[in-house]
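Going by the UniProt record's numbering, the residue at position 258 of the sequence shown is 258; the numbering climbs one at a time, nothing skipped.
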Amino acid sequence: MAFSLRQLQYFVAVAENGSVSSAAHTLSISQSTVTEALRELELDLGFRLLERHARGADLTLKGHHFLRHARKILGDVADARRALAGPETAALTGRLSVGVTPLVAGYIYSDLIARFRRAFPGITVEAVEDAADYLEHLLVGGELDVAVMVLPPGRRSAALQTEAVEVSPYRVWLPLGHTALAEERVSLRELSGEPHVLLTIDEIAEASEIVWRRLGIRPPVAFRTRSVEAVRSLVATGAGVAVLPDLTYRPWSLEGDKIEARTLVDDVPAVEVATAWRRGSPLSGAAAGFVSIAATRHAGRR
Numbered sequence: 001m002a003f004s005l006r007q008l009q010y011f012v013a014v015a016e017n018g019s020v021s022s023a024a025h026t027l028s029i030s031q032s033t034v035t036e037a038l039r040e041l042e043l044d045l046g047f048r049l050l051e052r053h054a055r056g057a058d059l060t061l062k063g064h065h066f067l068r069h070a071r072k073i074l075g076d077v078a079d080a081r082r083a084l085a086g087p088e089t090a091a092l093t094g095r096l097s098v099g100v101t102p103l104v105a106g107y108i109y110s111d112l113i114a115r116f117r118r119a120f121p122g123i124t125v126e127a128v129e130d131a132a133d134y135l136e137h138l139l140v141g142g143e144l145d146v147a148v149m150v151l152p153p154g155r156r157s158a159a160l161q162t163e164a165v166e167v168s169p170y171r172v173w174l175p176l177g178h179t180a181l182a183e184e185r186v187s188l189r190e191l192s193g194e195p196h197v198l199l200t201i202d203e204i205a206e207a208s209e210i211v212w213r214r215l216g217i218r219p220p221v222a223f224r225t226r227s228v229e230a231v232r233s234l235v236a237t238g239a240g241v242a243v244l245p246d247l248t249y250r251p252w253s254l255e256g257d258k259i260e261a262r263t264l265v266d267d268v269p270a271v272e273v274a275t276a277w278r279r280g281s282p283l284s285g286a287a288a289g290f291v292s293i294a295a296t297r298h299a300g301r302r
C-alpha cells in the first residue's frame with residue numbers, strides 16, 4: 001500500500017466532520033484536494049471508505065474499521081515526533097494514579113493511555129473508573145494525581161483545576177428507514193411520541209430529560225441502561241431513538257445494523273471532557289505529561 005499520512009489526515013477529518021466541505025474548511029484547503037486524496041486512498045486500499053450523499057458522507061463498514069487504524073497511525077507518528085523532540089521524558093519513572101468517568105473509560109481513555117505509555121515508558125499507570133463526584137473526592141484527598149472526566153453540565157468545582165480534552169455535541173440516533181432521516185435537523189418535540197433509550201452514565205440521560213421539561217414533553221422510555229452498545233443495538237433494531245454525544249457515535253451496531261444520526265434543533269449543551277487535578281497542588285512530571293498529551297489530543301481533533 002502506498003497511502004500517505006496526508007491522505008490519512010484528510011480521511012480522518014472527513015470522518016470527524018461528516019462531509020468533504022466541512023473537512024476542507026477545517027483543514028483550510030480546497031474540497032477538490034480532499035476529494036482527490038480520498039479517491040487515491042480508496043484506490044490504494046481496494047475498498048470504499050465513504051458513502052457520499054447530498055448531506056455529506058458516511059463511513060462504510062470497512063471505513064469505520066479503517067478509521068481506528070488511521071487514528072492509531074497518526075497518533076503513533078505524533079508520539080514519535082514528541083519523543084524525539086524531548087528524549088528526557090523517557091527517563092521519568094514512578095507511578096501515576098488516574099481516575100476516569102464511565103464514558104471516558106469507554107471512548108477516550110484507551111487512546112490517551114496508549115499515547116502516554118509510548119511517551120513515558122518508565123511510568124506505571126494505575127487507573128480507577130467511577131462517577132465524577134467520587135473522583136473529585138479522591139483528587140482532593142490526594143488519592144489520585146489526575147482524572148479525566150465528563151464535567152457536570154453547568155457546574156464547576158472550585159476545588160479542581162481543569163483543561164479541555166474534548167467537547168462533543170449531542171445528536172439523535174435513529175434506525176435506518178426512520179421518517180425523521182428525511183430532515184437535516186430534528187427536534188425532540190417531533191420525536192415526543194417515540195420510545196427513547198436512555199444512557200444512565202455521566203449524566204447523559206439527564207441532558208435529554210432537561211430538554212424534555214423545557215419543551216413540555218414526556219416521551220415514553222423504552223429502556224434505561226449503562227451500556228452504550230445496548231443503546232446502539234436497541235436503536236438499530238427500531239426499539240427506540242436516543243440522544244447521545246457524538247464521541248459515542250458509531251454507524252454500526254455489534255450485529256452489523258446501521259444507525260443514522262441527525263443534528264438536533266433543540267439546545268442541548270455539549271458534553272465537556274476535561275483533565276482535572278486538585279487546585280493549588282503542583283503536578284508531578286508524570287501528571288503534567290499526561291495533561292499535556294490530553295491537551296494535544298484535543299487540539300488535534302478540533
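Don't be surprised by glycine CBs; every beta carbon is placed ideally from N, CA and C.
For this session: Count the C-beta pairs between the stretch 215-229 and the stretch 191-207 that are closer than 8 Å, then say yes if the count reaches three, no if not.
Result: yes
Exercise. So what does Asp58 bridge to, in DSSP terms?
Worked result: Stepping through the sequence shown from its first residue, residue 58 is reached at position 58. Looking at the DSSP assignment, Asp58 forms a beta bridge with Glu51.
Exercise. In chain order, what residues of the same chain have a beta carbon less than 7 Å from the beta carbon of Glu136, not counting five sequence neighbours either side?
Worked result: The residue given as residue 136 occupies position 136 in the sequence shown. Same-chain partners within the cutoff: Ser157, Ala159 and Leu160.
For this session: Pull up the CB-CB distance for Asp202 and Pro269, whole angstroms please, since I reckon it's below 8 Å.
Result: Translated into positions along the sequence shown, residue 202 becomes position 202. Translated into positions along the sequence shown, residue 269 becomes position 269. About 13 Å separates the two Cβ atoms, so there is no contact after all.
Problem set entry | Residues bridged to Val167 [DSSP beta-bridge criterion] | Your numbering for residue 167 matches position 167 in the sequence shown. For Val167, which the question treats as bridged, DSSP gives the partners Glu272.
For this session: Put Thr296 into one of helix, strand or coil per three-state DSSP.
Result: Residue numbering aside, residue 296 sits at position 296 when the sequence shown is read from its first letter. Thr296: helix per DSSP, three-state reduction.
Problem set entry | Which residues DSSP lists as bridging Leu199, in chain order | On the sequence shown, position 199 is the one that residue 199 refers to. Beta-bridge pairing links Leu199 to Thr225.
Problem set entry | Distance between Gly122 and residue 305 (C-alpha atoms, nearest Å) | Residue 305 is absent from the model: the chain starts at 1 and stops at 302.
Problem set entry | Integer Cβ distance of Asp58 from Pro251, believed to fall under 8 Å | Position 58 of the sequence shown, counted from the first residue, corresponds to residue 58. Position 251 of the sequence shown, counted from the first residue, corresponds to residue 251. About 6 Å; that satisfies the 8 Å criterion.
Exercise. Is it the case that the Cβ atoms of His246 and Arg185 are separated by a distance below 7 Å?
Worked result: Here the question's residue 246 lines up with position 246 in the sequence shown. Here the question's residue 185 lines up with position 185 in the sequence shown. Going by the sequence as given, residue 246 is Asp instead of His. No. Outside cutoff.
Exercise. Can we say the stretch 7-26 touches the stretch 49-66, given the rule of at least three CB pairs closer than 8 Å?
Worked result: yes
For this session: Rounded to whole angstroms, what's the CA-CA distance from Gln9 to Ala288? Just pull it up for me.
Result: On the sequence shown, residue 9 is found 9 positions in, with the first residue counted as 1. On the sequence shown, residue 288 is found 288 positions in, with the first residue counted as 1. Taking the straight line from one Cα to the other gives about 27 Å.
Exercise. What whole-angstrom Cβ distance do Leu50 and Thr35 have, given they're in contact under 8 Å?
Worked result: If you number the sequence shown from 1, residue 50 lands on position 50. If you number the sequence shown from 1, residue 35 lands on position 35. 10 Å between Cβ atoms; not a contact.
For this session: Kindly say whether Arg71, judged by its beta-carbon, lies nearer than 7 Å to any beta-carbon of chain B.
Result: Although the question refers to chain B, the structure presented lacks it and comprises just one protein chain.
Exercise. Around the C-beta of Val77, are 16 or more other C-beta atoms found within 10 angstroms, so that it is buried, or is it exposed?
Worked result: Taking the sequence shown and counting its residues from 1, one reaches residue 77 at position 77. By the 10 Å Cβ count, Val77 comes out exposed.
Exercise. What's the gap between the Cα of Ile204 and the Cα of Leu43?
Worked result: Position 204 of the sequence shown, counted from the start, is the residue given in the question as residue 204. Position 43 of the sequence shown, counted from the start, is the residue given in the question as residue 43. For Ile204 and Leu43, the distance between alpha carbons rounds to 40 Å.
Exercise. Are the Cβ atoms of Val273 and Glu166 separated by less than 7 Å?
Worked result: One-based indexing of the sequence shown puts residue 273 at position 273. One-based indexing of the sequence shown puts residue 166 at position 166. Yes, Cβ-Cβ distance for Val273 and Glu166 is below 7 Å.
For this session: Under 7 Å Cβ to Cβ from Ala105, same chain only, skipping five residues before and after it: list those, please.
Result: Counted from its first residue, the sequence shown places residue 105 at position 105. Cβ neighbours of Ala105 beyond the five flanking positions: Glu129.
Exercise. With respect to the alpha helix (DSSP H) encompassing Thr35, which residues constitute its N-terminal and C-terminal limits?
Worked result: To locate residue 35, count along the sequence shown from 1; it is residue 35. Here the alpha helix (DSSP H) through Thr35 covers Gln31 to Leu45.
Exercise. Where do the N-terminal and C-terminal ends of the alpha helix (DSSP H) with Val20 fall, by residue?
Worked result: The residue you call residue 20 lines up with position 20 of the sequence shown. Note, Val20: alpha helix (DSSP H), Val20 to Leu27.
Problem set entry | Rounded straight-line distance, which links the Cα of His178 to that of Ala276 | Position 276 of the sequence shown, counted from the first residue, corresponds to residue 276. Position 178 of the sequence shown, counted from the first residue, corresponds to residue 178. Computed Cα separation, rounded: 40 Å.
For this session: Could you pull the start and end residues of the alpha helix (DSSP H) that Leu136 belongs to?
Result: Your numbering for residue 136 matches position 136 in the sequence shown. The sequence given here places Glu at residue 136; Leu does not occur at that position. Unbroken alpha helix (DSSP H) run through Glu136: Ala132 to Val140.
Exercise. Arg155 by DSSP, collapsed to three states: which one?
Worked result: In the sequence shown, the residue the question calls residue 155 occupies position 155. Here Arg155 sits in coil by DSSP.
Exercise. Tell me, which residues are paired with Gly99 by DSSP?
Worked result: Here residue 99 corresponds to residue number 99 of the sequence shown, with the count starting at 1. Looking at the DSSP assignment, Gly99 forms a beta bridge with Val128 and Ala147.
For this session: Give me the Cα-Cα distance between Ala299 and Ala23, rounded to the nearest whole angstrom.
Result: Position 299 of the sequence shown holds residue 299. Position 23 of the sequence shown holds residue 23. Here the model assigns Ala299 a pLDDT of 47, short of 50, so the residue's position is not dependable, and the following value carries that caveat. Each residue's Cα considered, the two are about 15 Å apart.
For this session: Kindly indicate which three-state DSSP category Ile113 falls into: helix, strand or coil?
Result: Within the sequence shown, residue 113 is the residue found at index 113, counting from 1. The answer is helix: DSSP assigns Ile113 an H, G or I state.
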